[in-house]
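The numbers in numbering that gives the first Met the number 0 rise by one with no breaks, and the one at position 138 of the sequence shown is 137.
Glycine residues also receive a C-beta, built at the ideal position from the N, C-alpha and C atoms.
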Amino acid sequence: MSTFNIGLGHSPVHLLRKWGELRRYINKLHPTVVHARYGTLVAAITVSTGYPSVITFAGSDLLPGASVSRTRMAIGILLSNLAVFRANAIICVSDELRRALWWRRSRAVVIPDGVDLDRFSPGSQEDARKTLGWNAVDPVVIFNGKRDPKNKGEDLAKAAMDHVWSAMPNVKLNIVRNVDFALMPLYYRAADVLLCTSRQEGSPNVVKEALACNLPVVSVPVGDVPQRLRGVAPSAVVPRNPHALARALKDILSSRRRSNGRELVAHLSLQEIATQVATVYQSVTEAQRLSSVPIQM
Numbered sequence: 000m001s002t003f004n005i006g007l008g009h010s011p012v013h014l015l016r017k018w019g020e021l022r023r024y025i026n027k028l029h030p031t032v033v034h035a036r037y038g039t040l041v042a043a044i045t046v047s048t049g050y051p052s053v054i055t056f057a058g059s060d061l062l063p064g065a066s067v068s069r070t071r072m073a074i075g076i077l078l079s080n081l082a083v084f085r086a087n088a089i090i091c092v093s094d095e096l097r098r099a100l101w102w103r104r105s106r107a108v109v110i111p112d113g114v115d116l117d118r119f120s121p122g123s124q125e126d127a128r129k130t131l132g133w134n135a136v137d138p139v140v141i142f143n144g145k146r147d148p149k150n151k152g153e154d155l156a157k158a159a160m161d162h163v164w165s166a167m168p169n170v171k172l173n174i175v176r177n178v179d180f181a182l183m184p185l186y187y188r189a190a191d192v193l194l195c196t197s198r199q200e201g202s203p204n205v206v207k208e209a210l211a212c213n214l215p216v217v218s219v220p221v222g223d224v225p226q227r228l229r230g231v232a233p234s235a236v237v238p239r240n241p242h243a244l245a246r247a248l249k250d251i252l253s254s255r256r257r258s259n260g261r262e263l264v265a266h267l268s269l270q271e272i273a274t275q276v277a278t279v280y281q282s283v284t285e286a287q288r289l290s291s292v293p294i295q296m
């Protein structure tokens, strides 16, 4: 397997250069399948290579967001939906994304991103707090605010915390930004609850990682989070309302219990998800093989 990074630039000159680089790169490799791990321009460039292609849609490539202009967002979603006509297989990380496709929904399969269960695992809260230098006593809420605070709903999270603080002033809010990925298991073990208030998500890894560490989660109904939290206790999916979020947070912070989340995400291990994706690749190569077999008259 080889990877190619198209990058974050969106200028016509950058994209034309990357398209040429990708074509040359692929023509050297002669791959069996080319997999675009995102829609929009990434998918459009991938399906133009002429090789059998798979697209994985992950969130803002099909769903409206709050972080880019409406024009750019509309163009991105349009490119995603046009790309599916030339894709040999389509993967969506949640059923919400599958339903968001304009065409070929019946051909799309839902495969959420996997979680590294070896890296993300339960552990001592006391030890994790010592390592991070956190107060050993005060309850802690963590919130994923990296890259896109507007789309992550940071304003709603802070509004909910204002209500929590009125009753529990010693609670700490830790907004996770620019944290080394290797340290994230410590954050999940050290915290008491993860708060998710995103406006739009596909299958947020932060929720699955928290569950793998048995960290309770309070979330609005976004992406596949309601499905991921089904049967998890303590945890809650509540309306996009600061009062409802605060009530759920206070309930969990009062008990400070860990959840049973790990047992409910065990089927989302990297190995299991890789097997499902490999099955998609096999279906594409088998279809290509059959299409090249001459018809016997």
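Please list the terminal residues of the continuous alpha helix (DSSP H) segment that includes residue i.
i, result
"Thr39", "39-46"
"Ile74", "69-82"
"Thr130", "124-131"
"Val237", "Neither: Val237 is in no alpha helix (DSSP H) and is coded neither H nor E."
"Tyr187", "183-189"
"Ala86", "Ala86 -> no alpha helix (DSSP H), and no H or E assigned at all."
Along the chain, where does the beta strand (DSSP E) containing residue i start, and where does it finish?
i, result
"His34", "33-35"
"Asn4", "Element bounds for Asn4: n/a, residue is neither H nor E."
"Val216", "216-218"
"Leu107", "The sequence shown places Ala at residue 107, rather than the Leu named in the question. Segment 107-109, the beta strand (DSSP E) holding Ala107."
"Val192", "192-195"
Of the choices the options, whose alpha-carbon is the least far from that of residue i?
i, options, result
"Pro111", "Ala286, Gln287, His266, Tyr280", "His266"
"Ala245", "Asn213, Val163, Met183, Tyr187", "Val163"
"Ala273", "Gly113, Leu263, Thr196, Asn204", "Gly113"
"Asp137", "Leu15, Leu289, His13, Arg255", "Arg255"
"Ser197", "Glu262, Asp161, Pro148, Tyr187", "Pro148"
"Ala247", "Ala159, Val205, Gly260, Thr278", "Ala159"
"Val139", "Leu214, Phe180, Ala99", "Leu214"
"Arg188", "Ala235, Phe180, Glu153, Glu125", "Glu125"
For residue i, count neighbouring Cβ atoms within 10 angstroms of its own Cβ and tell me buried if that reaches 16, exposed if not.
i, result
"Glu285", "exposed"
"Met0", "exposed"
"Phe84", "exposed"
"Gln295", "For Gln295, the pLDDT reaches just 48, beneath the cut-off of 50, and the residue's location in the model is therefore unreliable, leaving the point undetermined."
"Gln375", "As shown, the chain starts at 0 and ends at 296. That puts residue 375 outside it, with no answer to give."
"Gly132", "exposed"
With which residues is residue i paired in a DSSP beta bridge?
i, result
"Asn173", "Ile141"
"Phe56", "Cys91"
"Ser297", "In the structure as shown, the chain starts at 0 and stops at 296, and residue 297 therefore has no counterpart that could be examined."
Between which residues of its own chain and residue i is the CB-CB distance below 6 Å, once the five residues before and five after are set aside?
i, result
"Lys145", "Arg176"
"Ala243", "Val237"
"Trp101", "Asn80"
Give me, in chain order, the residues of the same chain whose beta-carbon lies closer than 8 Å to that of residue i; leave out the 5 immediate sequence neighbours on both sides.
i, result
"Lys129", "Ala135"
Please work out which residues of its chain come closer than 7 Å, Cβ to Cβ, to residue i, disregarding the five sequence neighbours upstream and downstream, and give them in chain order.
i, result
"Ala232", "Ser258, Asn259"
"Leu172", "Val140, Phe142, Met160"
"Arg106", "Ile89"
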